[in-house]
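Undergrad: Quick one: the structure is below, and I'll ask about it shortly.
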Amino acid sequence: MSELPSEYHRRLPYGERVSPEPLIGRPFFPFEGDVQVVPLDEPILPEPPRRGEPGGEPCTTCAEPERMVIWRDDQWLLKAGLAPSGLPMVAILEPREHYRLDNLPPELTRTLGPMIQRVAGAIRAIDGVARTHFNRWGDGGEHFHLWFLARPLGMMQLRGAMIAAWDDMLPRIPHDEFVANARLVAGKLAEDGGEPVGVALP
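Taking this note's numbering, I'd label the letters of the sequence shown as residues 297 to 498.
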């Protein structure tokens, strides 16, 4: 496998199932019993283009700028999906214009930290929410985006990176609760600027 790009790549056990043992029994791991890991695939090189990159599918945010948006200002959009999830709130913060993290202009970079604080605080205003987790996974689309996930009060198993897996597995919240939460979050954000949009409008 000398064609692989680094020593790290060359020492991995492609085609084999790595052991899940280091995770089983850990406080935040949501599975027990006979857990089987899928075989490790070899790298795909060159990597396929993401949405919004040359040769990839069109950027969904640029193609439908208002889709799923519950709040906006001159720089940022907050999206909350089209349907309820397993958590009280799952939201995505994106710049209105198409940027990657590495070319985010200084005027947006300066407002990113305050926006993270504002969104996290607005989500914590939902009844029964203890913390707001946020993450960046940049492998689906080129348009920069951050995920925000509401961790319910007292649900200590949902701490950490597996909260996204729990969101997929937990029962969907009722639609009217989804709408009420979106309106609450958008309203809280609008107290410091911007405007509620779509499902967040009264």
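For every residue, glycine included, the Cβ atom is placed at its ideal position computed from N, Cα and C. It should be emphasised that the depicted structure is a prediction, and the values quoted were computed from it without experimental measurement.
Starting from tryptophan 296, follow its DSSP beta bridges and name the residues at the other end.
TA: Missing from the structure shown is residue 296; the chain here goes from 297 to 498 and no further.
Undergrad: Grouping DSSP H, G and I as helix and E and B as strand, with all else coil, what is alanine 496?
TA: Taking the first residue of the sequence shown as position 1, residue 496 is located at position 200. DSSP places alanine 496 in helix when its eight states are reduced to three.
Undergrad: According to the neighbour-count rule (16 or more other Cβ atoms, all chains shown, within 10 Å of its Cβ), is tryptophan 433 buried or exposed?
TA: For the purposes of this step, residue 433 is taken as residue 137 along the sequence shown, with counting starting at 1. Counting Cβ neighbours within 10 Å, tryptophan 433 comes out exposed, since fewer than 16 surround it.
Undergrad: Which residue's Cα is closest to the Cα of aspartate 423: Asn477, Ala359, Pro467, Trp372?
TA: The count along the sequence shown starts at 1 and reaches residue 423 at position 127. Nearest of Asn477, Ala359, Pro467, Trp372 to aspartate 423, Cα basis: Asn477.
Undergrad: Rank Leu485, Met385, Pro318 by C-alpha distance to the C-alpha of valine 415 and give the top, closest one.
TA: For the purposes of this step, residue 415 is taken as residue 119 along the sequence shown, with counting starting at 1. Here the closest residue by C-alpha is Leu485.
Undergrad: Less than 7 Å between C-beta atoms, sequence neighbours within five positions excluded: which residues of the same chain meet that for glutamate 353?
TA: The residue labelled residue 353 in the question sits at position 57 within the sequence shown. So the list reads Arg347, once near-sequence residues are dropped.
Undergrad: Looking only at its chain, what residues have a beta carbon closer than 7 Å to the beta carbon of arginine 455, apart from the 5 residues adjacent to it on each side?
TA: Here residue 455 is taken as the residue at index 159 of the sequence shown, counted from 1. These residues qualify, in order along the chain: Phe324, Arg447.
Undergrad: Report all residues from its chain with a CB closer than 8 Å to the CB of threonine 407; omit the five preceding and five following residues, and keep chain order.
TA: Position 111 of the sequence shown, counting from 1, holds the residue named residue 407. Cβ neighbours of threonine 407 beyond the five flanking positions: Gln371, Trp372.
Undergrad: Would you check if there are 3 or more beta carbon pairs closer than 8 Å linking the stretch 326–338 to the stretch 308–315?
TA: The stretch 326–338, when compared against the stretch 308–315, does touch it at the 8 Å Cβ threshold.
Undergrad: Sort Arg307, Arg322, Leu374 by Cα distance to isoleucine 366 and report the nearest one.
TA: Reading the sequence shown from its first residue, position 70 is the one you call residue 366. Nearest of Arg307, Arg322, Leu374 to isoleucine 366, Cα basis: Leu374.
Undergrad: Out of Asp369, Gly494, His441, Arg306, state which residue places its alpha-carbon closest to the alpha-carbon of leucine 400.
TA: By 1-based counting over the sequence shown, the position of residue 400 is 104. Leucine 400 has its Cα closest to that of His441, out of Asp369, Gly494, His441, Arg306.
Undergrad: According to DSSP, glutamate 390 sits in a beta bridge with which residue or residues?
TA: For this step, residue 390 is matched to residue 94 along the sequence shown. Glutamate 390 pairs with Leu373.
Undergrad: Using a 10 Å radius around the Cβ and a threshold of 16 neighbouring Cβ atoms, would you call proline 301 buried or exposed?
TA: What you label residue 301 is simply residue 5 of the sequence shown in a count that begins at 1. Proline 301 should be labelled exposed.
Undergrad: State the DSSP-derived secondary structure class of glutamate 303, mapped to helix, strand or coil.
TA: Numbered from 1 along the sequence shown, position 7 holds the residue referred to as residue 303. Looking at glutamate 303 - three-state DSSP - the assignment turns out to be helix.
Undergrad: Can you list, in chain order, the residues of its chain with a C-beta nearer than 7 Å to that of serine 298? Leave out the 5 residues immediately preceding and following it.
TA: Position 2 of the sequence shown, counted from the first residue, corresponds to residue 298. Summary for serine 298: the model assigns pLDDT 49, below 50, so the residue's position carries little reliability; its value from the coordinates is reported in the next sentence. If we look at serine 298 and ignore the five residues flanking it on each side, it has no Cβ neighbours.
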